[in-house]
Amino acid sequence: MTRWILHADLDAFYAAVEQRDNPELRGKPVIVGGPPEARAVVTTASYEARPFGVRSAMPMSRALRLCPEAVRITPRFDRYAEVSREVMAIFRAATPLVEPLSLDEAFLDVSEQARTFEEVEALARRLKDAVRERTQLTVSIGGGTNKTVAKIASDMDKPDGLLIVPAGQEAAFLAPLPVRALWGVGPKAEAALKAAGFRLIGDLAAAPPGRMEALLGSRGAVLQQMARGIDDRPVETTHERKSIGAENTFPRDLPDGPELRVELRRAVQTVAGRLQEKNLRARTVVLKLRYADFTTITRQSSRRDPTDDPATMLAEANALLDSVAREGDRFRLIGVHATNLSGETTEQAPLFQLR
DNA sequence: TCTGGGGTCCTAGGACCC
DNA sequence: TCTGGGGTCCTAGGACCC
Numbered sequence: 003m004t005r006w007i008l009h010a011d012l013d014a015f016y017a018a019v020e021q022r023d024n025p026e027l028r029g030k031p032v033i034v035g036g037p038p039e040a041r042a043v044v045t046t047a048s049y050e051a052r053p054f055g056v057r058s059a060m061p062m063s064r065a066l067r068l069c070p071e072a073v074r075i076t077p078r079f080d081r082y083a084e085v086s087r088e089v090m091a092i093f094r095a096a097t098p099l100v101e102p103l104s105l106d107e108a109f110l111d112v113s114e115q116a117r118t119f120e121e122v123e124a125l126a127r128r129l130k131d132a133v134r135e136r137t138q139l140t141v142s143i144g145g146g147t148n149k150t151v152a153k154i155a156s157d158m159d160k161p162d163g164l165l166i167v168p169a170g171q172e173a174a175f176l177a178p179l180p181v182r183a184l185w186g187v188g189p190k191a192e193a194a195l196k197a198a199g200f201r202l203i204g205d206l207a208a209a210p211p212g213r214m215e216a217l218l219g220s221r222g223a224v225l226q227q228m229a230r231g232i233d234d235r236p237v238e239t240t241h242e243r244k245s246i247g248a249e250n251t252f253p254r255d256l257p258d259g260p261e262l263r264v265e266l267r268r269a270v271q272t273v274a275g276r277l278q279e280k281n282l283r284a285r286t287v288v289l290k291l292r293y294a295d296f297t298t299i300t301r302q303s304s305r306r307d308p309t310d311d312p313a314t315m316l317a318e319a320n321a322l323l324d325s326v327a328r329e330g331d332r333f334r335l336i337g338v339h340a341t342n343l344s345g346e347t348t349e350q351a352p353l354f355q356l357r
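Its first residue numbered 3, the first sequence is counted upward by one per residue in the numbering used here.
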């Protein structure tokens with residue numbers, strides 16, 4: 003039996019929700035993200051904003067210079083989560099095998115619902131129609147016999163796309179695409195591959211045995227298999243949470259002192275609160291600091307007994323900060339993470355919670 | 001131009017144990 | 001005098017994803 007995987011990706015999701023909720027924003031460039039004074043970045047740019055060169059992860063100050071007439075909206079994550087649940091429910095009505103990757107993306111295994119290319123395409127079409135009718139949002143759907151192909155296919159026909167790769171065509175579909183399109187190839191790996199003469203996914207597929215490992219370590223072999231259209235990762239409906247964290251960049255750099263310690267306490271309280279909400283405890287507290295020059299360090303301490311107590315965690319975090327802070331240091335970010343979790347860590351929730 | 005915040009996974013060195 | 005080999009845990013940093 004052929005395995006059929008869909009990857010569904012809501013188009014400019016956060017911006018689209020804002021435009022749907024507020025008709026005055028429709029047809030206008032909308033940029034979702036914090037204010038430039040807060041040193042925020044773009045979370046999502048509507049399709050009207052993209053011709054100006056506005057992209058996600060870009061500093062908001064730059065985005066607003068590129069597109070001064072844009073309407074900037076501070077993200078409303080709770081709202082996006084609500085809409086996301088509606089969309090995921092539509093997917094789960096089609097198949098129980100749904101793996102949310104974030105609020106706006108999911109893999110679906112539809113092997114039980116569709117057996118041929120035509121049936122898969124028809125099912126994807128029905129899903130797109132259902133999402134549009136029930137939420138007024140457009141979703142791009144890619145499909146194929148594995149996750150790699152489905153994910154890349156959904157990217158290639160945005161927005162409002164639909165692209166199913168026929169069984170047997172995986173490698174041929176991937177070959178002409180740049181290596182950067184592969185999941186797990188970021189700026190560093192791309193540069194390393196380019197320097198070694200590999201530009202296209204087809205180049206990776208054809209590399210001699212051992213070449214990819216030499217270049218990229220253990221990931222090399224996996225990447226080459228993906229490049230060849232081979233990827234048997236299943237759609238996972240649950241996942242085990244490994245960490246919970248909260249961090250914050252300040253509008254202005256701060257020295258160690260009462261203000262910084264207050265920020266640290268806030269972060270600890272957020273994390274402890276979320277641990278308690280989820281009935282989890284952590285054995286390890288991680289302090290994260292970013293200096294004014296953007297260098298980032300972490301310091302952690304573990305103990306035998308897991309805790310969710312804010313006072314205990316704060317004492318540890320403060321001690322860690324004591325151990326690194328020097329006179330004259332200035333910090334732009336502080337964060338706290340809890341790891342080595344115990345309790346019921348298996349969840350149905352998305353892998354990546356927020357975008 | 002000036003760089004977020006939520007995560008996962010991997011590597012590498014050192015401590016410690018047998 | 002020169003000095004194992006394997007396993008596990010902890011720590012720190014970094015690449016990557018959305």
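We put the CB at the ideal spot given by N, CA and C, even for glycine.
Only a predicted model underlies this, so the values are computations on that prediction, with no experimental measurement involved.
Closest by C-alpha distance to residue i, when choosing among the options
i: T251; options: G163, D331, Y16 and A42; result: A42
i: S304; options: V287, K280 and L291; result: V287
i: R334; options: A319, I299, N320 and L316; result: I299
i: R136; options: N148, V89 and P61; result: V89
i: D307; options: S325, A284, V224 and F79; result: A284
i: R254; options: A10, T4, I33 and A40; result: A40
i: E50; options: L68, A174 and K30; result: K30
i: D111; options: V34, R94 and T309; result: R94
i: R2; options: R182, G36 and P98; result: Missing from the structure shown is residue 2; the chain here goes from 3 to 357 and no further.
i: A194; options: P178, E215 and F175; result: E215
i: E249; options: V73, V273 and L103; result: V273
i: P257; options: A177, A116, V326 and D106; result: V326
i: L99; options: T4, G170, T45 and T239; result: T239
i: W6; options: A124, L179, D106 and M62; result: A124
i: P178; options: I154, S113, F296 and K190; result: I154
i: D295; options: Q278, D331 and V56; result: D331
i: G188; options: R221, G170, R292 and G146; result: R221
i: G145; options: R28, A269 and V167; result: V167
i: E120; options: A169, R81, P102 and S156; result: A169
i: P312; options: Q350, R292, E242 and A340; result: A340
i: V237; options: L202, L8 and D131; result: L8
i: Q227; options: L176, R243, R328 and T118; result: L176
i: L1; options: R328, T348 and L277; result: Because the chain is modelled from 3 through 357, residue 1 falls outside the range shown and cannot be assessed.
i: A317; options: L277, R243, T297 and V264; result: V264
i: T97; options: Y82, D106, D80 and A126; result: A126
i: V56; options: A14, R28 and D23; result: A14
i: E114; options: A197, G199, A83 and M3; result: M3
i: S104; options: R117, R87 and E26; result: R87
Start and end residues, alpha helix (DSSP H) containing residue i
i: D131; result: F119 to T137
i: L103; result: That residue, L103, is in no alpha helix (DSSP H); its beta strand (DSSP E) goes V100 to S104.
i: A83; result: F79 to A96
i: Q21; result: F15 to D23
i: D324; result: P312 to V326
Residue i, enclosing beta strand (DSSP E) - first and last residue
i: L289; result: L282 to Y293
i: R334; result: F333 to G345
i: E107; result: E107 to D111
i: T76; result: Where T76 is concerned, there is no enclosing beta strand (DSSP E), given that its DSSP letter is neither H nor E.
i: R301; result: T298 to T309
i: V32; result: V32 to G35
Which residues DSSP lists as bridging residue i, in chain order
i: V43; result: P61
i: E349; result: H241
i: A145; result: The question names Ala, but residue 145 is Gly in the sequence shown. The partner list for G145 (beta bridge, DSSP) reads L8 and I166.
8 Å contact criterion, which residue i and residue j should meet: CB distance rounded
i: L359; j: A319; result: No statement about residue 359 is possible, as the shown extent of the chain runs from 3 to 357 and does not include it.
i: L217; j: G186; result: That belief does not hold up - the Cβ atoms of L217 and G186 are roughly 13 Å apart, past 8 Å.
i: L139; j: A18; result: 5 Å
i: V122; j: I92; result: That belief does not hold up - the Cβ atoms of V122 and I92 are roughly 17 Å apart, past 8 Å.
i: V32; j: V73; result: 5 Å
i: V141; j: L322; result: At roughly 43 Å, the Cβ-Cβ gap does not stay under 8 Å, so V141 and L322 are not in contact.
i: S58; j: T76; result: At roughly 15 Å, the Cβ-Cβ gap does not stay under 8 Å, so S58 and T76 are not in contact.
i: V44; j: A65; result: 5 Å
i: L165; j: M158; result: 6 Å
i: V181; j: V270; result: Not confirmed; about 41 Å, so no contact.
i: E242; j: T348; result: 5 Å
Practice item. Write down every uninterrupted run of the beta strand (DSSP E) in the stretch 149-204 whose length is 3 residues or greater and which is fully enclosed by it, in chain order. Key: 164-166
Review point. Which residue spans inside the stretch 204-275 form an unbroken beta strand (DSSP E) run of at least 3?
Key: 245-256
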